[in-house]
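To keep things clear, I will list the structure first and then write my remarks on it.
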Amino acid sequence: MFYHPDTINTTLALSDFKYEEVWINTEDNVKINGLFIKSKSEAIATILFLHGNAGNLSGWKTTLETLVKNGFNVFIIDYQGFGKSEGKPKHKNLFKDSEAALFYMKKRNDTAKTKIIVLGTSIGGHLAVSLTDKHQDKIDALVIEGAFTTHNEIATAIVPWLFKPFVKILVRSKFKAKKHIKNVKIPKMIVHSAEDVVIPFRMGKKLHELAAEPKTFWEIKGKHIHGLKLYPDEYVQRLKELVK
Numbered sequence: 020m021f022y023h024p025d026t027i028n029t030t031l032a033l034s035d036f037k038y039e040e041v042w043i044n045t046e047d048n049v050k051i052n053g054l055f056i057k058s059k060s061e062a063i064a065t066i067l068f069l070h071g072n073a074g075n076l077s078g079w080k081t082t083l084e085t086l087v088k089n090g091f092n093v094f095i096i097d098y099q100g101f102g103k104s105e106g107k108p109k110h111k112n113l114f115k116d117s118e119a120a121l122f123y124m125k126k127r128n129d130t131a132k133t134k135i136i137v138l139g140t141s142i143g144g145h146l147a148v149s150l151t152d153k154h155q156d157k158i159d160a161l162v163i164e165g166a167f168t169t170h171n172e173i174a175t176a177i178v179p180w181l182f183k184p185f186v187k188i189l190v191r192s193k194f195k196a197k198k199h200i201k202n203v204k205i206p207k208m209i210v211h212s213a214e215d216v217v218i219p220f221r222m223g224k225k226l227h228e229l230a231a232e233p234k235t236f237w238e239i240k241g242k243h244i245h246g247l248k249l250y251p252d253e254y255v256q257r258l259k260e261l262v263k
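The sequence shown runs contiguously to residue 263 in the numbering used here.
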C-alpha cells in the first residue's frame with residue numbers, strides 16, 4: 020500500500036552541476052544509493068532531501084536543480100528497495116536509511132559545518148519528522164510538504180469504506196508524525212496544497228496545529244508535492260529565512 024519503488028530508471032542527468040554518486044551503509048549493513056550535489060557558490064545550507072513513496076531519485080531533477088542553483092548543497096537518497104539501493108522498503112528500514120544519510124552528511128568535511136535542513140515530501144515528510152525528533156541536535160531546520168499524520172490515518176482516509184475496519188489491525192507503525200512533531204523545537208515549515216488529492220489538506224493543518232514553536236504553515240495551490248516546481252522563488256526564499 021505505501022511503497023511503489025522504481026528500480027529501472029535510475030539515471031539522473033545533472034550536467035550543469037558538480038555531483039557524486041554515493042553509497043552508504045545502514046546500521047544493518049544494507050547499501051543505499053544517493054547523490055550529493057554541490058552548490059557552485061558557498062552553500063547557504065546542506066539539504067537532506069527525502070522523497071516520496073514512488074519512483075526513485077531520478078524523478079527529482081527539476082527540484083534538485085532549483086535548490087542547487089540557488090545556493091544549497093543537496094543530498095538525496097533512494098530508500099531500501101528504490102533505485103539502486105539494496106534491501107526492502109519497510110517503515111523501520113526507511114528510518115534507518117534516513118539516519119545513515121544524516122550521519123554521512125555530518126561526517127563529510129565539506130558539509131559538517133554547514134547548516135542542515137531536512138526536507139521531506141509526502142511519505143518522506145512523515146519520515147523527516149521522526150528523524151528530526153530523534154536527531155534535532157544535528158539538524159537546523161525541518162521542512163515537510165504534503166505529509167500525513169500517521170500511516171494508520173492516511174490508510175483509513177484512502178481505502179474503500181469496506182476495508183476501513185481492517186486498517187487499524189493491519190496498518191501499524193511506531194513512527195507517527197503527529198506525535199513526533201510535538202517534540203521538534205528547531206524552526207520548521209509545513210507546506211501543503213489546499214488542492215492536494217493524495218494527502219488530505221487537513222493532515223497538513225493538523226501537523227501544524229500540533230507542532231511545537233517555532234513553526235510556519237504555508238498553504239499553496241496545485242498538485243501533491245509540487246511546491247518547488249510551482250513556487251520556486253518563494254520556496255527558496257522561505258528556506259533561506261529558516262536558517263538565517
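Note that beta-carbon positions come from the ideal geometry of N, C-alpha and C, so glycine has one too.
Discussion item. Which same chain residues end up closer than 6 Å to V255 when comparing Cβ atoms and leaving out the 5 residues on each side of it in sequence?
Written reply: For the purposes of this step, residue 255 is taken as residue 236 along the sequence shown, with counting starting at 1. These residues qualify, in order along the chain: N89.
Worksheet entry | Whole-Å CB distance - F36 paired with A62, under 8 Å assumed | For the purposes of this step, residue 36 is identified with residue 17 of the sequence shown, where counting begins at 1. For the purposes of this step, residue 62 is identified with residue 43 of the sequence shown, where counting begins at 1. At roughly 12 Å, the Cβ-Cβ gap does not stay under 8 Å, so F36 and A62 are not in contact.
Discussion item. Can you tell me where the alpha helix (DSSP H) holding I142 begins and where it ends?
Written reply: Mapped onto the sequence shown, residue 142 falls at position 123. Start and end: 142 to 154.
Discussion item. So for E238, helix, strand or coil by DSSP?
Written reply: Position 219 of the sequence shown holds residue 238. Reduced to three states, the DSSP call for E238 is strand.
Item to complete: Would you decide whether T81 is buried or exposed? Buried here means 16 or more other CB atoms lie within 10 Å of its CB.
Response: Here residue 81 refers to the residue found at position 62 when the sequence shown is read from its first residue. Exposed: under 16 other Cβ atoms inside 10 Å.
Worksheet item: Nearest-angstrom Cα distance between A147 and N128?
Response: Numbered from 1 along the sequence shown, position 128 holds the residue referred to as residue 147. Numbered from 1 along the sequence shown, position 109 holds the residue referred to as residue 128. Going from the Cα of A147 to the Cα of N128 covers about 23 Å.
Discussion item. Taking 8 Å as the threshold (C-beta atoms), are A213 and E238 in contact?
Written reply: Sequence index remark: in the sequence shown, residue 238 carries index 219 (1-based). Sequence index remark: in the sequence shown, residue 213 carries index 194 (1-based). Contact flag set, yes.
Worksheet item: Could you give the distance in angstroms between the alpha-carbon of R257 and the alpha-carbon of K109?
Response: Walking along the sequence shown from the start, residue 257 turns up at place 238. Walking along the sequence shown from the start, residue 109 turns up at place 90. Cα-Cα distance, rounded: 32 Å.
Practice prompt. Determine, using beta carbons only, whether I95 and L76 come nearer to each other than 8 Å.
Written response: The residue you call residue 95 lines up with position 76 of the sequence shown. The residue you call residue 76 lines up with position 57 of the sequence shown. Contact: yes.
Discussion item. Within the continuous alpha helix (DSSP H) that includes H199, where are the two ends?
Written reply: Translated into the one-based positions of the sequence shown, residue 199 becomes position 180. Element bounds for H199: 196 to 199.
Worksheet item: Can you tell me the Cα-Cα spacing of E46 and Y98, whole angstroms?
Response: In the sequence shown, residue 46 corresponds to position 27, counting from 1. In the sequence shown, residue 98 corresponds to position 79, counting from 1. Roughly 14 Å between the two C-alpha positions.
Fill in: Endpoints, alpha helix (DSSP H) assigned at V217
Taking the first residue of the sequence shown as position 1, residue 217 is located at position 198. In the DSSP assignment, V217 falls outside any alpha helix (DSSP H), carrying neither H nor E.
Worksheet entry | Where W46 sits in the DSSP three-state scheme | Taking the sequence shown and counting its residues from 1, the one referred to as residue 46 is at position 27. Here residue 46 is Glu; the residue named in the question, Trp, does not match the sequence. Residue state, collapsed to three classes: coil.
Item to complete: Could you please give the first and the last residue of the uninterrupted alpha helix (DSSP H) stretch that includes V255?
Response: Position 236 of the sequence shown, counting from 1, holds the residue named residue 255. For V255, the enclosing alpha helix (DSSP H) starts and ends at 251 to 261.
Fill in: Reference H154; option with closest CA among G223, F122, F68
Working through the sequence shown from its first residue, we reach residue 154 at position 135. Comparing Cα-Cα distances from H154 to each of G223, F122, F68, the minimum goes to F122.
Worksheet item: Can you tell me where the beta strand (DSSP E) with F94 in it begins and where it stops?
Response: Locating residue 94 in the sequence shown gives position 75, where the first residue counts as 1. First-last of the beta strand (DSSP E) with F94: 91 to 96.
Worksheet item: Any idea which residues DSSP pairs S212 with across the strands?
Response: Counting from one through the sequence shown, the residue named residue 212 turns up at place 193. According to DSSP, which records beta bridges pairwise, S212 is partnered with I239.
Worksheet item: Candidates K207, I43, F55: which alpha carbon is nearest K263's?
Response: In the sequence shown, residue 263 corresponds to position 244, counting from 1. Here the closest residue by C-alpha is K207.
Practice prompt. Pick helix, strand or coil for G71, following the three-state DSSP scheme.
Written response: Numbered from 1 along the sequence shown, position 52 holds the residue referred to as residue 71. Residue state, collapsed to three classes: coil.
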